[in-house]
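Right, one structure below, let's go through it.
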Amino acid sequence: VRRISDRSAPEPDGVYPESVYGLLDKVDTILGKILNIIFFEKITSSQDLAVILQKKKVLTRRELNDNLIGILVNCPLLTCVRDLESLIKYLRCPGEEIKNMIISVDRKLWSLIYGALKILEEGRKIPAGKTQEDGK
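Written out as structure tokens, the structure reads:
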């Protein structure tokens, strides 16, 4: 583990053990894929984004379901997006570039992405071939 320090910090020689460079790379890369779709397709609704993400298979099952941050337990994409500001605040290394995460903090974009991921999550909870009426 590399020593992390920020010269402008109150304790520039301090070691920040919670900071591991590259810890947020997976989340940042995935958000970059989603942002490209939003900007290229000019998406304005979570429903439209969810449909495109699903139809074009933009995200792999692993990207949606697996733990994306090694030092945290149960941190799939939906959880990462939900807690995006906290992840940036507490786990970003000084000087680490995570531009897609920072762009995604914008309230409008955050709502769009989080809403689409919630729709995809709900879609996975309904067993294949069953409707709500079948489950009575």
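Heads up: the sequence shown is residues -8 to 127, going by the numbering used here.
Cβ atoms here follow ideal geometry from the backbone N, Cα and C, with glycine treated the same way.
Opening and closing residue of the alpha helix (DSSP H) in which residue i lies
| i | result |
| --- | --- |
| K47 | Note, K47: premise wrong, no alpha helix (DSSP H); not H, not E. |
8 Å Cβ cutoff met for residue i and residue j
| i | j | result |
| --- | --- | --- |
| E131 | L69 | Since the displayed the chain opens at -8 and closes at 127, residue 131 lies outside it and no answer follows. |
| I110 | S37 | yes |
| L59 | C66 | yes |
| V64 | L108 | no |
| L40 | K24 | no |
Close Cβ partners of residue i (< 8 Å) along its chain, the five nearest in sequence each way excluded
| i | result |
| --- | --- |
| T48 | Here the sequence assigns Lys to residue 48, which means Thr is not the residue at that position. Excluding positions up to five away in sequence, the list is empty. |
| D125 | At D125 the pLDDT is 46, less than 50, meaning the model places this residue with poor confidence and gives no usable figure here. |
C-alpha distance - residue i paired with residue j, whole-angstrom precision
| i | j | result |
| --- | --- | --- |
| G61 | R83 | 14 Å |
| D19 | R115 | 23 Å |
| G13 | D97 | 22 Å |
| I34 | P85 | 32 Å |
| E54 | I21 | 7 Å |
Distance cut-off 7 Å: residue i Cβ against heavy atoms of the ligand SAM
| i | result |
| --- | --- |
| D39 | Of the ligands one can find in the structure shown there are none, so the ligand SAM has no counterpart to examine. |
| Touching or not, the stretch 100 to 109 and the stretch 23 to 31, by the rule of three or more beta carbon pairs under 8 Å? | Verdict: yes, contact present.
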